[in-house]
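Just below is one structure, and these are the notes that go with it.
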Amino acid sequence: MNIAIVAILAAAVLAATLHTIRRYRKGSACCGEHETVRRRGVLDRNSAHYPYEATLTIGGMTCENCARRVENALNELDGVWAKVRIDNRQARLRCKQAPDEAALRRAVREAGYVVSEYQVKP
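Position in the sequence shown counted from 1, then plus 3, gives you the numbering used here.
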C-alpha cells in the first residue's frame, strides 16, 4: 500500500515538473498558454554586412514567446538583425547603418515591452 502511494506521488511531482518546464519554454498565461510565436529571421545573414552593434535590455519579457515577439519586431526593421535571449533579457543587434535608438525603442514598445537600457558598441 505504501509503495503505491509513493508511486502516485512521484508521478504527480514528475507531471507537475514537466508541465512547469513546458510552460516556461513554450509560453505562459502572459502570451497565451498554447500559442507558440514563430521566429521570423532576416534574409541577409552575412555578418560582414552589419558593421554596427547594439545591445538592448528589455523589460517585461517572461517567456520564450515574449523573446520571439521582441526579436520579430526588431527583425522587421530595415537593416536590423536581432537575437533576443530570455535568460539575460537582452537583445543583441547587428545593424547595417548606425542604430536609430528611437526606432528600436518604438519597435520594442509596439511589441508590448520596454527598453530599460540601450548600449551601442563603438
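Cβ coordinates follow ideal geometry from the N, Cα and C atoms, glycine included.
These numbers come from a predicted model, not from an experiment.
Legend entry - Span separating the alpha-carbon of C69 from that of R112: As a position in the sequence shown, residue 69 is number 66, starting the count at 1. As a position in the sequence shown, residue 112 is number 109, starting the count at 1. Distance between the alpha carbons of C69 and R112: 12 angstroms.
Legend entry - From L77, K124 and R97, residue whose alpha carbon lies closest to that of Y116: Within the sequence shown, numbered from 1, the residue matching residue 116 stands at position 113. Proximity to Y116 across L77, K124 and R97 peaks at L77, based on C-alpha coordinates.
Legend entry - Straight-line Cα distance separating A19 from P54: Taking the sequence shown and counting its residues from 1, the one referred to as residue 54 is at position 51. Taking the sequence shown and counting its residues from 1, the one referred to as residue 19 is at position 16. So the two alpha carbons sit approximately 46 angstroms from each other.
Inset, instruction - Select from M64, R72, K99 and V16 the residue whose C-alpha is nearest the C-alpha of G82. - result: Taking the sequence shown and counting its residues from 1, one reaches residue 82 at position 79. Considering only alpha carbons, the answer is K99.
Legend entry - Distance between P125 and V9 (C-alpha atoms, nearest Å): Numbered from 1 along the sequence shown, position 6 holds the residue referred to as residue 9. Numbered from 1 along the sequence shown, position 122 holds the residue referred to as residue 125. Computed Cα separation, rounded: 59 angstroms.
Inset, instruction - If I'm right that E56 touches L107 with Cβ under 8 angstroms, what's the distance once you round it to whole angstroms? - result: Locating residue 56 in the sequence shown gives position 53, counting from the first residue. Locating residue 107 in the sequence shown gives position 104, counting from the first residue. Between L107 and E56 the Cβ distance is about 12 angstroms, and since that is not below 8 angstroms, they are no contact.
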